[in-house]
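Colleague: There's a structure below that I have some questions on.
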Amino acid sequence: MNDIDQKIQAALRREQTGDVPSGEPNLAEEVIIAFRGRHRWFSTLAIILNLVLFAGTIWATVRFLGAGSVPAQLQWCALAFVFLLMMMFIKLWFWLEMHTNRVLRELKRVELLLVTRQPSAQVKDATT
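The working numbering numbers the first residue of the sequence shown as 655 and each following residue consecutively.
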């Protein structure tokens, strides 16, 4: 096994035993963090587009219910379905963005543990 693997495993064991405080954000904080990240403008645009698509879905559904012929009902139903699919893809992207932020946060935590807990190992590695 690699020396870095051993360091990571030791840091994770210390974290599991409670040596390191783990302040995991809740869901609302993770959503806010997604709006503070490097893609904050895209996240804002996605949420606005999602709201517009929701309004379009409601509009298409009302038009579907008021349509008099079957072909018109099928057209409005298809439009509502397309809007719902687009909303689903946007939400999926947003959840994946939040997951990426979570993984990056954990990587930074492990890096911090390695830097703060193993200063003698770094000096030894630097001299070799």
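Glycine residues also receive a C-beta, built at the ideal position from the N, C-alpha and C atoms.
Since this is a predicted model, take the numbers as computed values, not measurements.
Is it the case that the region 752-771 contacts the region 727-744, given that we only count it when at least three CB pairs across the two stretches are under 8 Å?
Modeller: With a cut-off of 8 Å, the region 752-771 and the region 727-744 do not count as touching, because too few Cβ pairs lie within range.
Colleague: Just confirm the distance between the C-beta atoms of residue 769 and residue 662, as a whole number of angstroms; I'd bet it's less than 8 Å.
Modeller: Stepping through the sequence shown from its first residue, residue 769 is reached at position 115. Stepping through the sequence shown from its first residue, residue 662 is reached at position 8. Not confirmed; about 12 Å, so no contact.
Colleague: Just the C-alpha distance for residue 675 and residue 761, rounded to the nearest angstrom, thanks.
Modeller: Against the sequence shown, residue 675 aligns to sequence position 21. Against the sequence shown, residue 761 aligns to sequence position 107. For residue 675, the predicted structure reports a pLDDT of 48, less than 50, and the residue's modelled location is therefore unreliable. A value from the coordinates is still provided. Rounded to the nearest angstrom, the two C-alpha atoms are 15 Å apart.
Colleague: So, are the CB atoms of residue 727 and residue 734 less than 8 Å apart?
Modeller: To locate residue 727, count along the sequence shown from 1; it is residue 73. To locate residue 734, count along the sequence shown from 1; it is residue 80. Contact flag unset, no.
Colleague: Give the C-beta separation of residue 748 and residue 710 to the nearest angstrom, bearing in mind that I take them to be a contact with Cβ-Cβ under 8 Å.
Modeller: Here residue 748 is taken as the residue at index 94 of the sequence shown, counted from 1. Here residue 710 is taken as the residue at index 56 of the sequence shown, counted from 1. In fact, because the Cβ distance is near 18 Å, the residues do not count as touching under 8 Å.
Colleague: Looking at residue 756 and residue 683, is the spacing between their C-beta atoms short of 8 Å?
Modeller: On the sequence shown, residue 683 is found 29 positions in, with the first residue counted as 1. On the sequence shown, residue 756 is found 102 positions in, with the first residue counted as 1. No, these two residues do not count as a Cβ contact at 8 Å.
Colleague: Once you ignore the five residues that flank residue 766 on each side, which residues in its own chain have a CB closer than 7 Å to its CB?
Modeller: Along the sequence shown, read from residue 1 onward, the residue named residue 766 stands at position 112. Excluding sequence neighbours, residue 766 sits near nothing in its chain.
Colleague: Please report the straight-line C-alpha distance between residue 678 and residue 717, rounded to a whole angstrom.
Modeller: To locate residue 678, count along the sequence shown from 1; it is residue 24. To locate residue 717, count along the sequence shown from 1; it is residue 63. Near 45 Å, if we compare the C-alpha coordinates of residue 717 and residue 678.
Colleague: Taking all protein chains shown into account, do 16 or more other C-beta atoms lie within 10 angstroms of the C-beta of residue 816, making it buried, or fewer, making it exposed?
Modeller: With the chain covering only 655 through 782, there is no way to say anything about residue 816.
Colleague: Output the boundary residues of the alpha helix (DSSP H) element that contains residue 771.
Modeller: Stepping through the sequence shown from its first residue, residue 771 is reached at position 117. Here the alpha helix (DSSP H) through residue 771 covers 724-771.
Colleague: Go ahead and label residue 705 buried or exposed: buried means 16 or more other beta carbons lie within 10 angstroms of its beta carbon, across all protein chains shown.
Modeller: Taking the first residue of the sequence shown as position 1, residue 705 is located at position 51. It counts as exposed.
Colleague: For residue 683, does the three-state DSSP call read helix, strand or coil?
Modeller: As a position in the sequence shown, residue 683 is number 29, starting the count at 1. Three-state result, residue 683: helix.
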